[in-house]
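Residue numbers (UniProt numbering): 1 to 139. All C-beta atoms in this analysis are idealised placements derived from N, C-alpha and C, irrespective of residue type, glycine included.
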Amino acid sequence: MQGWNFISNIQAANHCRILVGWNANKVTLQCIHSESQWITCEVVSLQTKEAITMSFVYGLNSVVERSHLWNYIRHFKPTTNTTPWVVMGDFNATLRPSDRQGGDTRWLKHHEDFRESINTAGIFQPPYTGVHLTWDNGQ
């Protein structure tokens with residue numbers, strides 16, 4: 001893919017859990033921090049020179065291991081207070097009970113940790129349209 005660059009968190013995770021690609025003709029991307037559960041980058045539009053901070057997330061499966069991710073979300077701040085921060089990916093958690101169907105109800109404690117982290121950081125889930133869940137078998 002000509003003009004595209006890629007980074008991963010292979011050094012932090014000993015295997016690639018997250019792979020980020022960008023069109024170098026459109027934006028510059030600089031990695032700020034990389035761990036096994038996230039890569040945080042500063043992204044600058046070459047056309048407008050506007051910058052945003054982006055964190056790409058893939059939460060670990062264990063509630064205990066994910067607590068490191070929640071602490072990062074609570075305490076990380078973009079380089080300036082005016083820089084927007086986008087946090088996106090698979091958190092392996094949901095914000096609301098309506099965001100999942102079925103499964104073990106004892107698993108719900110970690111949802112509180114996720115919601116608390118998001119609230120403390122002052123970030124929010126944008127509105128969506130279309131199918132509510134990421135899968136739909138039409139029933």
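Determine the direct distance from the alpha carbon of residue j to that of residue i, and round the result to whole angstroms.
i    : j    : result
V131 : Q125 : 16 Å
W38  : W22  : 16 Å
D90  : Q2   : 28 Å
T53  : Y72  : 14 Å
N81  : N14  : 33 Å
H68  : A51  : 26 Å
S55  : R66  : 15 Å
S8   : L19  : 4 Å
N84  : G122 : Reading off the sequence, residue 84 comes out as Pro, not Asn. About 11 Å.
How should residue i be labelled, buried or exposed, when 16 other C-beta atoms within 10 angstroms of its C-beta is the threshold for buried?
i    : result
I118 : buried
V87  : buried
A24  : exposed
C41  : buried
N61  : exposed
Could you tell me whether the Cβ atoms of residue i and residue j are closer together than 8 Å?
i   : j   : result
L46 : K26 : yes
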